[in-house]
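Novice: Position 167 of the sequence shown, counted from 1, bears residue number 230 in my numbering, the numbering being contiguous throughout. Okay, handing you the structure first.
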Amino acid sequence: MKPQHLALMLLCQLIWGVNFVAAKIGLMHFEPLFFVALRFSLVALLLLPFVGLPRRKLLQLIPLSMTMGVMHFSLIFTGMRYLDAATSSIAVQLQVPFAAILAAIFFKEKLGWRRLTGMTVAFAGVVLIAGEPRFAGNIWPLLSVIGAALVWATANVQVKALGDEFDALKLNGYIAILAAPQLLVVSYLIEGNQWPQVLEASWMGWGALLFQSVIVAIFSYLIWYNMMRRYPVNQVMPFTLLLPMIGVISGHLMLDEVITWQMVLGGLATLAGVAIVVIRRPAVVAPSTKTGI
Numbered sequence: 064m065k066p067q068h069l070a071l072m073l074l075c076q077l078i079w080g081v082n083f084v085a086a087k088i089g090l091m092h093f094e095p096l097f098f099v100a101l102r103f104s105l106v107a108l109l110l111l112p113f114v115g116l117p118r119r120k121l122l123q124l125i126p127l128s129m130t131m132g133v134m135h136f137s138l139i140f141t142g143m144r145y146l147d148a149a150t151s152s153i154a155v156q157l158q159v160p161f162a163a164i165l166a167a168i169f170f171k172e173k174l175g176w177r178r179l180t181g182m183t184v185a186f187a188g189v190v191l192i193a194g195e196p197r198f199a200g201n202i203w204p205l206l207s208v209i210g211a212a213l214v215w216a217t218a219n220v221q222v223k224a225l226g227d228e229f230d231a232l233k234l235n236g237y238i239a240i241l242a243a244p245q246l247l248v249v250s251y252l253i254e255g256n257q258w259p260q261v262l263e264a265s266w267m268g269w270g271a272l273l274f275q276s277v278i279v280a281i282f283s284y285l286i287w288y289n290m291m292r293r294y295p296v297n298q299v300m301p302f303t304l305l306l307p308m309i310g311v312i313s314g315h316l317m318l319d320e321v322i323t324w325q326m327v328l329g330g331l332a333t334l335a336g337v338a339i340v341v342i343r344r345p346a347v348v349a350p351s352t353k354t355g356i
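Okay, here's the thing in structure tokens:
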């Protein structure tokens, strides 16, 4: 890999890792569903001039916008409202073993003993973290993030079913365009009228929203997709193993989050398990759809 491309890949992972902190800051100023709705609305407005309105395969794009857009992001942001950035960045990595399991079910991918071992280790790592005293009687935020990982894997199957009909920019744009109005309605029905938050939010809240919408959803993915076109999957995917480490470190440094021994051991186990899955069979991860948050 050329030095400039290596630097871009590291920058991409830095953005994705720090994004967990940005999400936490944004959730201090906006309700979770409303924050997601604003995020997708801004992405839709920015990408609409380049991708236009979706007209083909709407019967497949609409369900995808519901899973990848509405369900995935609603679950992960709702969980993160009450969960620290470090734990969220670890737990969401279960999307990789979930994707491998669904690939085996729907696409007849073979799961060898190494990948099965990796999946077991990854799940055991999250279980170890879930055993911390702070989760006693309040496991739902963590389960919400894990549920988001499962929904992402399900959306992964939907994307594969679409084939190569749309490039990455169009697919991201179409999901945002279709998901934004759904999220605005869902937010209103569940959270009520949140529009006063738009005027009340501080510059930090708006900064978090702009970071999520412009830097993460558009800029970082332009880097990612470009590298995916230039290099083999198994050369690019291992970079994603940096994401949870950056998420934990940035949460500690920027939000003063406490790092416990269970989080360290559980995080290392999850990271090791995910690494086995990624290195053994990176194609099952469908990198073109990897969103993190």
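We put the beta carbon where it would ideally sit given N, CA and C, even for glycine.
Could you give the C-beta distance for V81 and M143, rounded to a whole number, given that I count them as a contact under 8 Å?
Specialist: The pair is not a contact, with the Cβ atoms about 14 Å apart (cut-off 8 Å).
Novice: Please state the DSSP three-state secondary structure of H92.
Specialist: H92: coil per DSSP, three-state reduction.
Novice: Mind listing, in chain order, the continuous alpha helix (DSSP H) runs of no fewer than 4 residues lying wholly within the stretch 167-224?
Specialist: Complete alpha helix (DSSP H) runs here, min 4: 176-193.
Novice: Could you tell me if P112 is buried or exposed, where buried requires 16 or more neighbouring beta carbons within 10 angstroms of its beta carbon?
Specialist: Burial call: exposed.
Novice: Can you name the start and end residues of the alpha helix (DSSP H) that G270 belongs to?
Specialist: Start and end: W266 to L273.
Novice: With distances taken Cα to Cα, identify the nearest neighbour of E254 among K171, E94 and C75.
Specialist: The shortest Cα separation from E254 among K171, E94 and C75 belongs to E94.
Novice: Rounded to a whole number of angstroms, what is the C-alpha to C-alpha distance between W176 and V340?
Specialist: Cα-Cα distance, rounded: 11 Å.
Novice: What is the rounded straight-line gap between the Cα of Q245 and the Cα of F103?
Specialist: C-alpha separation (whole angstroms): 10 Å.
Novice: Have a look at I281, L318 and F198 and flag the residue whose alpha-carbon is nearest the alpha-carbon of G89.
Specialist: The shortest C-alpha separation from G89 is found at L318.
Novice: Under a Cβ-count criterion, where at least 16 other Cβ atoms within 10 Å of its own Cβ denotes burial, should F169 be classed as buried or exposed?
Specialist: Exposed, because fewer than 16 other Cβ atoms sit within 10 Å of the Cβ of F169.
Novice: On the criterion of 16 or more Cβ atoms from any shown chain inside 10 Å, does R178 qualify as buried, or is it exposed?
Specialist: Buried, because 16 or more other Cβ atoms sit within 10 Å of the Cβ of R178.
Novice: At a cut-off of 8 Å, would you count M291 as near the ligand FAD, judging by its Cβ distance to the nearest heavy atom?
Specialist: Absence of the ligand FAD is noted for the structure shown, with no ligands found whatsoever.
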